[in-house]
Amino acid sequence: MKYLMYTLGDDSTPIPPLLPEFLEELGRFMAEATQKGVQLATSGMQPTAEGTTVRHSNGKFTVVDGPYAESKELIGGWALVKVKSKEEALDWAKRFLKIYGIGESRIRQVFGSEDFLTG
Numbered sequence: 000m001k002y003l004m005y006t007l008g009d010d011s012t013p014i015p016p017l018l019p020e021f022l023e024e025l026g027r028f029m030a031e032a033t034q035k036g037v038q039l040a041t042s043g044m045q046p047t048a049e050g051t052t053v054r055h056s057n058g059k060f061t062v063v064d065g066p067y068a069e070s071k072e073l074i075g076g077w078a079l080v081k082v083k084s085k086e087e088a089l090d091w092a093k094r095f096l097k098i099y100g101i102g103e104s105r106i107r108q109v110f111g112s113e114d115f116l117t118g
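The letter at position 55 of the sequence shown is residue 54 when you use numbering that gives the first Met the number 0, and the numbering goes up by one with no holes.
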C-alpha cells in the first residue's frame, strides 16, 4: 500500500531550528525509511508566496501567483511511503512528528493503475 503523508502548518507555524542534532536525527530517520523500502520520495515545500494556482473553468485557464490568501492550512512537506498497512503508515508519521517536534500530519492512501487491473 502506498500513502502520501504531508505535514500541515500555517505562515505563523515556526519551523524547528536546523540544529546539527536535529538534522542528524532526521537524517538517520530518513535513511532508515529508505533502507527499509518505506520512503519512496520526500521533500519540503517552498513558501506559498513562491507558489502558483492554475484553475480551469468553462474552457478557460486562470493562473495566479501566490501566496494563497484563502488557504488556512499549508503543506510544509510530504513523503510518499510504501507500507503493509495504514497502521504502519501511522507509526512512521508519529515517529517523524516526534523528531520534528510540532505540527500535524495527514495520511492519504495513494492508488495507481495497478489498483484497477484485474486478473
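Heads up, the beta-carbon is just placed ideally off N, CA and C, and yes, glycines get one too.
Using DSSP's beta-bridge definition, name the partner residues of residue i.
i          : result
residue 1  : 81 and 109
residue 59 : 56
residue 40 : 79
residue 7  : 74 and 103
residue 51 : 64
With distances taken from CA atoms, which of the options is nearest residue i?
i           : options             : result
residue 104 : 77, 39 and 62       : 77
residue 1   : 85, 58, 95 and 94   : 85
residue 52  : 110, 63, 43 and 59  : 63
residue 35  : 112, 16, 116 and 87 : 87
residue 43  : 57, 5 and 19        : 5
How about residue i and residue j: are their beta carbons less than 8 Å apart?
i          : j          : result
residue 72 : residue 7  : yes
residue 98 : residue 24 : yes
residue 38 : residue 80 : yes
residue 47 : residue 65 : yes
residue 74 : residue 89 : no
residue 32 : residue 91 : yes
residue 21 : residue 95 : no
Would you identify the three-state DSSP class for residue i, choosing helix, strand or coil?
i           : result
residue 26  : helix
residue 103 : strand
residue 17  : coil
residue 116 : coil
residue 93  : helix
residue 45  : coil
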